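From first to last, the protein sequence lines are chains E and B.
Basically this note's numbering = 1-based index in the first sequence + 16.
Basically this note's numbering = 1-based index in the second sequence + 1146.
What follows is a single structure, written as C-alpha cells, with notes after it.
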Amino acid sequence: MVPLSLLRYDVRDREVTPVWLGPHDHGWLRGLLDEYERFVGRPRWELRRRLSEPLPVEGSSWRIDVARDVLDGLWPLEVGGQVRPRVARAMLFDEAARGLVGTRDELIARVAGGLGIEPDVLREALFADLPGQRRLAALEPPISPLELELRSNLAIAQSILFRASAVRIELAGRARDVVRYAKLRGLVCTVLPGDDHDAAVLEISGPLALFRRTLAYGRALASVLPRLSWCHRFVLRADCLLDELPRTLVLRSGDPIFPASEPIAFDSRLEKRFARELAAAAPDWDVIREPEAVPAAGTLIFPDFAVQHRIRPERRWLIEIAGFWTPDYLVGKLRRLREARLENLILCIDEERNCAAEDLPAGARVVRYRKRVHPTAILAILEERQPSLHPMARRSETMLP
Amino acid sequence: MRLLFDRGTILVDPPNAMGASDLPGVLWDQRVLALRAPAWRYPAVRAQALASGVNLRNEVRPRDRGPTGPWRPIGLRPYQEEALAAWLGAGQRGLVVLPTGSGKTRVAMAAIQRTGLHALCLVPTRVLLHQWQAALTPFCAGAVGRLGDGIRKVAPVTVSTYESAIRLMPSLGSAFDLLIVDEAHNFGGTLREEVLEMSIAPSRLGLTATPIEEGPALARLEELLGPTVYRRSIADLAGRWLSRFEIVTVEIDLEEDERRSWEEDMGTFRPFFREFRRCSPGGAWEDFARVASRTGEGRRALCAWRRARRLLAFTHGKAEAVGDILARHRDGRILVFTADNETAYAISREHLIMPLTCDIGREEREDALSRFRDGRLRALVSCRVLNEGLDVPDADIAVVVGGTGGEREHVQRVGRLLRPAEGKTAIVYELVARGTSEVWQAMKRRRGLGSAVAAPV
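Following this line, the structure appears as C-alpha cells:
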C-alpha cells in the first residue's frame, strides 16, 4: 500500500480525484527502470541507497516513490553465494563465541577453510539471503514505462480505496463477475438494475460497516477495482477517510489503471463440484454456468447455473446457490422471484445456517445443502414436469435432504 | 428470537420480535433486511434478551469443540496471584500492567485454566506466536491451536498474530469466550481494535508493560477490554522479582569528518523544518514528510535528515565503544540494540555476533535463542525483534547503540535484562553522540523507567 503521505489528489466538494501518472512521466519512469536493470546482479540495498539520491531525469519524489513501491513488489530477487547463508552464520558466530585466540580475520579464514571456501566468499555468503542483500534478478518479460505508469496508478487508486468503508459502483456488462468476486471476499453486495439492460448498480460494504466507518474491508474493496476493467463501463464512488476527513473517491472507466486478468471460470469449490456432479448425473441436460442476469422486482438476480434439457430446450431451470441468508432475506427474495414470475428458479441454501423448516415460506423451491449441493436433489426437480406458474403446491417435493 | 453470528456481527431474527430493535447496539441493516449488532455487544444483547423473557434460540456459538486442557498446575508468584484475582474480581475483564520479564504470560495461562473458557491469545509478532505456543504446551495437555506463520489450526486454546486475527475474525469471532491480548498497548484507536469488535468473547484480558496514556484511544481500549485492574512498575518488582539494574550513558564525540558531514546535513534540514514548525505548530512528522516531498528544497531536506540519522546510528566512536564493551564483558550475556537493521548487520559483521532481525527466519531465530540460552552464543544484536515480549534468557548486559527515543521501546529493551538471578545487577549502556539530538532523546526515553532510574538500585 502506498503511504498516505505519498498520495496526491484533487478535492472538489468532498469528491476526490487522484493525480495520475501519465505519458509525461515516461522519461523518468524509463530512467527508474534503467536503474533497476543496471543493478541486476547486485544487492538490493545498493539500489536503495542509489535511489535515495535524485535520478538523472527529474521527477517528483512522490511519483518516484510510488513507482519504486510497485517495482519492488514486481522485481524478482535471488540469493547468490557458494554456501548456504544460514550454515555460514551458524558456523562463524558459534566459532566466534567460543572465544578462541586469533584475530577476526584469522577466525573467518579458519571457518572458511573448514567449509572449503575462500574467506571473502564466506563474508559474502553471511547475509546473502536477507531481503536487502538479495540480488536483483532479470525481470522477464521486461516492463515498459507505460505498464509501470498504469500499475502505479492502480496502486494509487487502491491505496485510497484501502481507506474506504463502502463502495457504490454503476456498471454495464460483467456485473456478475464483480458481484461474485465481492461475495467471495466476504463483502455484502446489494444489486439494483441500472438504466440499460446490461447495467447494474452495486453497493458493496462489509457487515461491520453498518456500525462504523470501518476500514476493515478496505483491502477487499480495493481488490475489486482491477476487476472493473471486465465491465464495458463503470463509475465507482467510494466513501473514504483521508486525513481524518470523509471523502468520496470517484473513479471511472477510462481512468489509466492497470486491468486485472480475466476472471477464472469457477472461483467456488462448491460450485465447481456441483457443476461437475450435476453434469455427470444428468446426461440429458446441459449445465450452463452464469447465464444472463434476471431483473426481479427492483433488483437483479444472478443465477449461478442454467440447466436446459437437450431435446426440449423449453425445459430450462435456473439455479442459485445462496451463502448468506436469513428467513426474512429468503422471504423477500422469494417474493421478488414470484413477482418476476421466475418459478423455474431453484434456490440452494446452506443447511449450516440451521434454518428450521417452518421458517421457510410455503411453496419455495428450496434445496438445502450441507458442504455439498447434492445433484440428485436437483435432478428430482428437473425430472418433474415442465415448471408451472404455480409452484406453491410443491413444497414437500422440493424440501429435499 | 434467534441470535446468529455473521462475519463479526450478530444478527437478531426475526427483526419484528418483541424488543429486538431495543437490544443494545442493534441497528436495522437494509442490505440484508435484518437487525444487526457488532459481535462485541453479544454479552449485552444476550443478557437483555434473556432478561426480557423472550424465548431465545442462541445460535451464535459453533458446535462445542470440547473443554480446554486438561491443565497441569501453574504456580504463580504473589503479585501474579493478585493480578489474576483482580481480573477475576472485575468480572473477567480488564488490563493487567506488569513489567517485561515479570511473567504476564503465566497470568494469562492461569486465567485460561481457572475459567476453563475457550481462549484466543492475540500476539503482535510471529516470534511471540511461537513463544506463546511453547509456553502453553507444557501446561495445557490439550491441543494448542495456531493462526499465523502459515498455519491455520483452531483448538480450544489458540494463539494468533494480530494480522491473522484481522483476516480470520469474521469466521472465528464466535469460537472463543476469552480473549487474551498480549502487548495490548498496540490496540486502541487503530484498525486493530476491530479485531476486538468482531469477537463475541465476554471475558477479555489485556496485558502490557507500557500502557497507553489517557485519551480517546485508552477510553476505547477500556470499552473493549475493560479498565486497568492491576498495575506494578519495574521499581515495584526490582530487587526481588526482577533483577537490579543500572544505566550507564556513554557520550561519544563525532569524528571531525563525521561532525562536518552531520552539521552540513542538519544545516540543510533545520531551516526547512523550522519553517514547517512555524507554519504548522504541533504538526506530526508524517505531515512534515508530506509537505517536504512537494518541493525540491523539501526533498533535499528529507534526504539530508535521512543521511544524518544514518550517520548517528553507527558512528566510528560507537563502533569502537561496542568493541570495548564486548571485550570488557567477555563472560557476560550481551544484547546489542540498534536503530536499524543495517547497523545490526554492520555490528554482526564487525564483531561476529548473531543478528536477530525480522529478516532472519523463525527457525533460525529460535535456534539462535536456544544457542544463546545454552551459552554457545554470548551476544545477540537486534534492531526491533528483541524489543517486544520476546523471552530472552538470562541476559545481563545491554548496549543501546541507537533507537527511536521512545519511552516504550526503551522500557521494553531494558526489560530484556530483568530476569532475576542470585546477586545479579544488569547494566544498560546507552551510546549517545555528544552534541546531537541523541542526547535529549536518551533523556526523554529514560523517563519511561520512572522511579527505577531516578533512584538507581
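Ideal Cβ placement from N, Cα and C applies to all residues, glycine included.
Every value quoted in this text rests on a predicted model; they were computed, and no experiment measured them.
Secondary structure note for Y1376/B: its beta strand (DSSP E) is the uninterrupted segment 1374–1377. With its beta carbon less than 7 Å from one in chain E, G1154/B belongs to the interface. Just measuring C-alpha positions, the residue of G1154/B, P1161/B, P1284/B sitting nearest R1187/B is G1154/B.
In this chain, W301/E is not harboured by any alpha helix (DSSP H); it is covered by the beta strand (DSSP E) spanning 301–305. Shown here, K349/E sits in a helix according to DSSP, grouped into three states.
Counting C-beta atoms within 10 angstroms of its own C-beta, P34/E has 16 or more neighbours from the protein chains shown and is therefore classed as buried. Neighbours of R120/E in chain B, taken as residues at a C-beta separation under 7 Å, are given in chain order as L1498. Counted as a single uninterrupted DSSP element, the beta strand (DSSP E) harbouring R184/E occupies residues 180–188. By the Cβ test, the segment 175–194 of chain E is in contact with the segment 225–237 of chain E, since at least three Cβ pairs between them sit closer than 8 Å. Assignment of M1315/B by DSSP, reduced to helix, strand and coil, places it in the helix class. Between the segment 1548–1561 of chain B and the segment 143–157 of chain E there are fewer than three inter-stretch CB-CB distances shorter than 8 Å, so the stretches are not counted as touching. For L138/E, there are no C-beta contacts with chain B under 8 Å, since the nearest C-beta of that chain is about 11 Å from it. Look at E111/E here: in three-state DSSP terms it is helix. Within chain E, the residues G202 have their CB atoms less than 7 Å from the CB of P1316/B, given in chain order. Within a 10 Å sphere around the beta-carbon of W1217/B sit 16 or more other beta-carbons, which makes this residue buried. Distance from the CA atom of E1510/B to the CA atom of R24/E, rounded to whole angstroms, is 42 Å. Closest in C-alpha terms to A191/E, from the list A215/E, A171/E, A296/E, R201/E, comes A215/E. By the Cβ-count criterion, E140/E is buried, with 16 or more other Cβ atoms from all chains shown falling within 10 Å of its own Cβ. The segment 1459–1466 of chain B makes no contact with the segment 1519–1534 of chain B, as fewer than three CB pairs between them are under 8 Å. In terms of Cα proximity to Q1226/B, the closest of E1205/B, R1203/B, S1198/B, M1255/B is M1255/B. Scanning the segment 1493–1556 of chain B from its first residue to its last, the whole beta strand (DSSP E) runs of 3-plus residues come out as 1525–1528, 1543–1546. Within the segment 1436–1486 of chain B, the alpha helix (DSSP H) runs of at least 4 residues that lie entirely inside it are, in chain order, 1442–1459, 1462–1474. Contact residues of the segment 243–254 of chain E toward chain B are absent (C-beta to C-beta distance below 7 Å). In this structure R196/E is buried. Its beta-carbon is surrounded by 16 or more other beta-carbon atoms within 10 angstroms. Considered as a whole, the segment 175–259 of chain E harbours 180–188, 204–209, 215–221, 249–258 as its complete beta strand (DSSP E) runs of no fewer than 3 residues, in chain order. In terms of CA proximity to C364/E, V382/E leads the group R228/E, L138/E, V382/E, R351/E.
Looking from the CA of V73/E, the closest CA among V86/E, H40/E, G89/E belongs to H40/E.
With distances taken between CA atoms, E94/E lies nearest to V56/E out of A309/E, P223/E, V56/E, L334/E. An exposed status is given to R351/E, since fewer than 16 other beta-carbon atoms sit within 10 Å of its beta-carbon. With contacts defined as CB atoms closer than 7 Å, A1265/B and L1353/B fail to qualify as a contacting pair. Secondary structure in the segment 1342–1424 of chain B: the beta strand (DSSP E) runs of 3 residues or longer, each lying completely within the stretch, are 1349–1354, 1374–1377, 1390–1398 in chain order.
Inclusion of E1584/B and L1498/B in the CB contact set at 7 Å is not warranted, their separation being larger than that value.
For V1273/B, the enclosing alpha helix (DSSP H) starts and ends at 1272–1282. At a cut-off of 7 Å between beta-carbon atoms, D1175/B makes contact with chain E. Per DSSP, the unbroken beta strand (DSSP E) holding D1159/B starts and ends at 1155–1159. Restricted to the segment 27–56 of chain E, the alpha helix (DSSP H) segments that are unbroken, complete and at least 4 residues in length are 42–54, listed in chain order.
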